[in-house]
Amino acid sequence: MYQIRWHGRGGQGAVTAARIFGLAASVYGDSFAQSFPSFGAERRGAPVLSFTKVDSVPILDRRQIYEPNMVVILDKSLIKLTNVTEGLKPGGKIVVNASEMPAEFKTKAITDNFELILVNATRIALEILHKPIVNTAMVGAACRASGLVTLESLAKAITELFPGSQEEINQLTARRAYEEAQIYRQGGDLH
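Residues in the sequence shown are numbered from 73 upward in steps of one, following the numbering used here.
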């Protein structure tokens with residue numbers, strides 16, 4: 073089972089991002105998936121966690137994810153507030169909304185144990201959506217990082233959740249982030 077933990081703030085779309093990924097993997101892909109949120113203080117700006125599980129067989133386990141294969145960080149300020157890499161499996165992936173590598177991830181220990189994927193989702197969202205809502209951009213980067221969901225499946229999931237005038241711009245946002253995501257592997261090398 074492939075497990076993703078999404079870290080965001082209320083209003084950024086972390087819950088919707090988990091849902092889009094799960095929908096793309098299951099309904100429009102060839103996998104089974106679950107997505108669900110975990111809320112603390114339910115207010116705009118408060119830290120929010122959501123989760124996505126993807127597998128080739130039905131998923132019966134509904135527990136929170138403690139040992140993810142990938143963490144997706146919609147707001148890099150959360151890196152300082154919480155241990156976003158807690159439980160991340162060795163060789164796991166960290167997808168971060170950032171224009172450059174966060175200082176916390178410049179250590180050799182991080183780049184030797186995990187794969188970093190950086191995408192400036194805020195810039196992409198502002199350019200296309202004219203709002204700092206980064207969920208579809210981060211889903212695009214997560215799809216590229218995981219290899220579990222095709223752009224075609226992602227576009228269909230976005231169509232279902234954002235019908236009408238929001239469909240095309242959210243698809244474009246996800247596609248741009250997918251294409252612009254920068255992948256850093258062991259030793260901090262860009263690939």
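Heads up, the beta-carbon is just placed ideally off N, CA and C, and yes, glycines get one too.
Taking the beta strand (DSSP E) that residue i belongs to, which residues open and close that run?
i: Ile189; result: Glu187 to Val191
Spatial neighbours of residue i within its chain, please: C-beta separation below 6 Å, excluding the five flanking residues on both sides.
i: Gly85; result: Ile205 and Asn207
i: Thr124; result: Ile76, Ala90, Phe93, Gly94 and Ser107
i: Tyr100; result: Ser225, Lys228 and Ala229
Grab me the residues of residue i's own chain with a C-beta within less than 7 Å of its C-beta, minus the 5 sequence neighbours each way, in chain order.
i: Pro130; result: Phe104
i: Tyr138; result: Gly159
i: Thr194; result: Asn169, Pro204 and Val206
At the level of alpha carbons, what is the spacing between residue i and residue j?
i: Pro109; j: Leu146; result: 15 Å
i: Asp172; j: Asp133; result: For the record, residue 172 in the displayed sequence is Glu; it is not Asp. When rounded, the distance between both Cα atoms is 36 Å.
i: Asp127; j: Met73; result: 5 Å
i: Glu199; j: Ile241; result: 10 Å
i: Ile166; j: Asn141; result: 9 Å
i: Arg248; j: Ala209; result: 7 Å
i: Thr157; j: Phe186; result: 9 Å
i: Gln243; j: Tyr250; result: 11 Å
i: Gly82; j: Gly117; result: 5 Å
i: Gln136; j: Trp78; result: 11 Å
i: Val211; j: Val87; result: 11 Å
i: Gly236; j: Leu201; result: 14 Å
i: Leu233; j: Glu239; result: 8 Å
Look at the Cβ atom of residue i, then the Cβ atom of residue j, and state whether they are nearer than 7 Å.
i: Val191; j: Ala246; result: no
i: Pro119; j: Lys148; result: no
i: Ala217; j: Ile196; result: no
i: Ala214; j: Val144; result: yes
In terms of residues, what are the limits of the alpha helix (DSSP H) holding residue i?
i: Ile166; result: Not the alpha helix (DSSP H): Ile166 falls in the beta strand (DSSP E), residues Lys165 to Asn169.
i: Ile340; result: Beyond the ends of the chain as shown, which are 73 and 263, falls residue 340; an answer cannot be given.
i: Asn207; result: Asn207 to Ser218
i: Arg134; result: Careful: Arg134 lies outside any alpha helix (DSSP H) and carries neither H nor E.
With DSSP as the reference, identify every bridge partner of residue i, one or two as the case may be.
i: Thr124; result: Ile76 and Ser107
i: Pro119; result: Arg81
i: Gln238; result: DSSP output for Gln238 lists no bridge partner at all.
i: Gln254; result: Leu190
Spatial neighbours of residue i within its chain, please: C-beta separation below 8 Å, excluding the five flanking residues on both sides.
i: Ser98; result: Phe104, Ala105 and Val126
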